[in-house]
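A.B. asks: Below you will find the structure I want to go over with you.
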Amino acid sequence: LMKAGNYTVHVKTGGNHIYCGLGEENKCSPFELRVEPGAAVASMCEAESDPSLDALVEARVGVTGIINLEAKDSFGNNLERGGDAFVAKFISTTNSEIQYRGHTADK
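Numbering (this note's numbering), first residue to last: 934 to 1040.
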């Protein structure tokens, strides 16, 4: 499966749902399955900023810019829990020795 979410799984043989040895009244198919997103993959994650001061393309000295990161798995599913360690580093394009580390907070 590539999309996280809730599914109903139907397992049949000969056109009939399987019973799992429990008889027709207590058959085990169909059953519910919850598919969770996988681990965060950097190349699939997204960054967004408030359009009033788009911190992805402009910044002002002394003004805090906010960039929101959306963690996604390898199939583009949004992660439902936080906890992944993101590092935001700002490196000057004219002097790579000038670097700042951004503060990241998990929501």
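All C-beta atoms in this analysis are idealised placements derived from N, C-alpha and C, irrespective of residue type, glycine included. Everything numeric in this text was worked out from a predicted model, so none of it was measured.
1) Run through the DSSP bridge pairs and tell me what R1034 is partnered with.
2) I need the straight-line Cα distance from N1028 to G998, nearest angstrom please.
3) Let's see if you can read the secondary structure: which residues bound the beta strand (DSSP E) around N1028?
4) DSSP has A980 in a bridge; who is on the other side?
5) Per DSSP, H938 is paired with what?
6) To the nearest angstrom, how far is it from the Cα of L989 to the Cα of G947?
7) Kindly confirm or deny that the stretch 992-1006 and the stretch 958-967 touch, where touching means at least three C-beta pairs closer than 8 Å.
8) Out of Y952, K1040, A992, R1014, state which residue places its alpha-carbon closest to the alpha-carbon of G971.
C.D. replies: Let me lay it out:
1) R1034 pairs with K1022.
2) The alpha-carbon atoms of N1028 and G998 are separated by roughly 21 Å.
3) Note, N1028: premise wrong, no beta strand (DSSP E); not H, not E.
4) L1002
5) For the sequence presented, residue 938 should be read as Gly rather than His. BP columns for G938 point to V968.
6) 57 Å
7) Because the criterion of three Cβ pairs below 8 Å is not met, the stretch 992-1006 and the stretch 958-967 do not touch.
8) For G971, the nearest C-alpha among the options comes from R1014.
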